[in-house]
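**Student:** Can you read through this structure? Questions will come right after.
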Amino acid sequence: MALERDPVLAAVAQENLRRMGIGNVEVLCTSAEEYLASASGRFDWVYADPDRRSAEGRKLVRLADCSPDVAALGPLLRRLSGRLCVKYSPLFDVDEAFASFGDCEVEVVSLGGECKEVVVYADGRPPRLTATALGLGSFTVLRGEADNTPCGGPFEPERWRWLVVPDVALRKARLACMALRGKACMWSNEGYAFASEEPRGAIGRVLAVDRIEPYDPKALRRELKGQGAELLKHDFPFTTAQIAARTGIREGGALRLAFTKIGSEFWTIRLKPLPLQQPTAS
Numbered sequence: 021m022a023l024e025r026d027p028v029l030a031a032v033a034q035e036n037l038r039r040m041g042i043g044n045v046e047v048l049c050t051s052a053e054e055y056l057a058s059a060s061g062r063f064d065w066v067y068a069d070p071d072r073r074s075a076e077g078r079k080l081v082r083l084a085d086c087s088p089d090v091a092a093l094g095p096l097l098r099r100l101s102g103r104l105c106v107k108y109s110p111l112f113d114v115d116e117a118f119a120s121f122g123d124c125e126v127e128v129v130s131l132g133g134e135c136k137e138v139v140v141y142a143d144g145r146p147p148r149l150t151a152t153a154l155g156l157g158s159f160t161v162l163r164g165e166a167d168n169t170p171c172g173g174p175f176e177p178e179r180w181r182w183l184v185v186p187d188v189a190l191r192k193a194r195l196a197c198m199a200l201r202g203k204a205c206m207w208s209n210e211g212y213a214f215a216s217e218e219p220r221g222a223i224g225r226v227l228a229v230d231r232i233e234p235y236d237p238k239a240l241r242r243e244l245k246g247q248g249a250e251l252l253k254h255d256f257p258f259t260t261a262q263i264a265a266r267t268g269i270r271e272g273g274a275l276r277l278a279f280t281k282i283g284s285e286f287w288t289i290r291l292k293p294l295p296l297q298q299p300t301a302s
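The opening residue of the sequence shown carries number 21 in my numbering; numbering runs sequentially from there.
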């Protein structure tokens, strides 16, 4: 059974099912609220993908503002199935999802460094939090055991040879520090991680460090004005455009510079060039 309140979208869904050779799914043009008011029987799973835009086209950021409000329909949904999966926008907060659905799993999913969705599984499993970077890996922790405490102690720039850009799924789930613990050190969930040895299996980009130095825009301007560079930044108060304007560097080029703030200090991380791609034999 599939529900779609928009007649055009209902017809599209029915046609897609036909083209895929799926004949055991009936598409009803009705709202979830209307259907649940008189529905009976049992379903293996209920999957919901609420509308995340207002009538004016504005993006909605609260679960209760979406249509339908799946959490509010919980008692009616549980009458039909003990297993519920809800797909939400990447804008939604994981803590709000737990507050709305109670014991459930909340999974943050990313692809290519972009957060794609937040998925809730309410099917009796213990409350846990998962960050999944498709193609890179996944990290799961019971919610009560989540510990995203950052590294303590001073930042020693001469110690680090590798920089890890934690995947956005880890940061969105607030699991970056915990997931990288033992592989690299982080001083904030929104910053970079640093390692003295190349970290294997890190969920994120791993970049070789040339050297790390205090952020000095005047010195960078004297040295690099007019040169092109790839500018990266995390947990830094300026945009890459502002960094470029302050340093005279043009955005884009083989040189790579990363910028971050640790404690009260600003840092420039000079990254080693990427290895040249070997031409493939024809």
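Note that the Cβ used here is the ideal one computed from N, Cα and C, for glycine as well.
Tell me, to the nearest whole angstrom, how far the beta carbon of L183 is from that of I289; I am working on the premise that it is less than 8 Å.
**Tutor:** 6 Å
**Student:** Thinking C-alpha only, which one of V129, A119, D89, G157 is nearest R163?
**Tutor:** A119
**Student:** Would you say V66 and L104 are within 7 Å of each other, going by their C-beta atoms?
**Tutor:** yes
**Student:** Would you tell me roughly how many angstroms separate the C-alpha atoms of Q34 and P237, rounded to the nearest one?
**Tutor:** Looking at the two C-alpha atoms, the distance is approximately 59 Å.
**Student:** Helix, strand or coil for M206 per DSSP?
**Tutor:** strand
**Student:** Let's see if you can read the secondary structure: which residues bound the beta strand (DSSP E) around T288?
**Tutor:** 285 to 291
**Student:** Since I believe A274 is in contact with P293 (beta carbons under 8 Å), could you give me their beta-carbon distance rounded to a whole number of angstroms?
**Tutor:** 6 Å
**Student:** Since M21 and E53 should fall inside the 8 Å C-beta cutoff, what is the C-beta to C-beta distance between them, to a whole number of angstroms?
**Tutor:** 15 Å between Cβ atoms; not a contact.
**Student:** Can you tell me whether G221 is buried or exposed? The criterion is at least 16 other CB atoms within 10 Å of its CB, across all chains shown.
**Tutor:** exposed
**Student:** Decide if the segment 96 to 110 is in contact with the segment 55 to 72; the criterion is three or more beta carbon pairs, one per stretch, under 8 Å apart.
**Tutor:** yes
**Student:** Check for me: the beta strand (DSSP E) holding G248 runs from which residue to which?
**Tutor:** 248 to 254
**Student:** Measure the Cβ-Cβ separation of V81 and C135 and say whether it is below 7 Å.
**Tutor:** Cβ atoms of V81 and C135: not closer than 7 Å.
**Student:** Might you give, ordered along the chain, the residues of its own chain that have their beta carbon closer than 8 Å to the beta carbon of Y212, omitting 5 neighbours on each side?
**Tutor:** L183, V184, V185, P186, M206, H254, D255, A278, T280, I289
**Student:** Using three-state DSSP, classify G157 as helix, strand or coil.
**Tutor:** strand
**Student:** I'd like the list of long-range same chain contacts for A151, defined as Cβ closer than 6 Å, with 5 residues on each side in sequence excluded.
**Tutor:** V128, F159, A189, L190, A193, L195
**Student:** With a Cβ-Cβ cutoff of 7 Å, do R179 and S216 count as a contact?
**Tutor:** yes
**Student:** If you measure between the beta carbons of R231 and G268, is that distance less than 7 Å?
**Tutor:** no
**Student:** When DSSP labels each residue in this structure, what does F2 get in the three-state scheme?
**Tutor:** Outside the displayed span of the chain (21 to 302) sits residue 2, for which this structure offers no information.
**Student:** Taking Cβ to Cβ, would you say R72 is nearer than 7 Å to C49?
**Tutor:** Taking 7 Å as the Cβ cut-off, R72 and C49 do not qualify as a contacting pair.
**Student:** So if DSSP puts F279 in a beta bridge, which residue, or which two residues, is it bridged to?
**Tutor:** In the DSSP assignment, the residues bridged to F279 are K253, T288.
**Student:** Shortest alpha-carbon distance to P95 belongs to which of V126, R78, A57?
**Tutor:** Answer by Cα proximity: A57.
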